[in-house]
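Just so you know, the sequence shown maps onto residues 507 to 611 in the numbering used here.
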Amino acid sequence: TPFHWDPHSWSDQYDMLVMVGDYEDCVLDIPTLGLQFLYNPSTVVAFSGQLLQHGVSSVGWNQCCFAYYMRDNIHNWIEIPHGDWMRVQNVWTWLMPAGPVGHSI
């Protein structure tokens with residue numbers, strides 16, 4: 507794919523990309539950071555496609571990318587609010603609603 511940003515993805519969540527196919531020597535290029543990665547089948551990468559310009563080299567063979575990302579229109583459609591950053595205190599409260607049990611570390 508040519509260099510692009512994903513303007514509808516959320517900047518505070520990672521897009522996850524999984525490559526499949528029968529090819530070799532594909533390269534994921536993130537020029538915003540000056541990075542290039544070998545992007546062969548079974549490679550999984552996660553980054554903010556909204557914040558980082560990225561592109562993939564053409565290999566001339568069968569290649570496919572499965573992309574997982576979040577968009578506001580999906581949350582609006584199912585009437586679920588946009589999530590927030592995970593915080594240790596939130597996890598502790600959900601796992602131990604009655605407070606700590608036994609000795610603390």
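All residues carry an ideal CB built from backbone N, CA and C; glycine is no exception.
Self-check item: Presumed contact (8 Å Cβ cut-off) between Phe-553 and Asp-518, rounded CB distance
Solution: Their Cβ separation, rounded to whole angstroms, is 12 Å, which puts Phe-553 and Asp-518 out of contact at 8 Å.
Quiz item: What number of angstroms, rounded off, separates the C-alpha of Tyr-575 from the C-alpha of Met-602?
Solution: Looking at the backbone, the Cα of Tyr-575 and that of Met-602 are separated by about 31 Å.
Quiz item: Quick one: what does DSSP say Gln-569 is sitting in, helix, strand or coil?
Solution: DSSP places Gln-569 within a strand segment (E or B) once states are collapsed to three.
Quiz item: Taking the continuous beta strand (DSSP E) assigned at Asp-521, which residues delimit it?
Solution: 521–528 is the span of the beta strand (DSSP E), which, as asked, contains Asp-521.
Quiz item: By a C-beta neighbour count over all protein chains shown, 10 Å radius and 16 as the cutoff for buried, is Ser-515 buried or exposed?
Solution: In this structure Ser-515 is buried. Its beta-carbon is surrounded by 16 or more other beta-carbon atoms within 10 angstroms.
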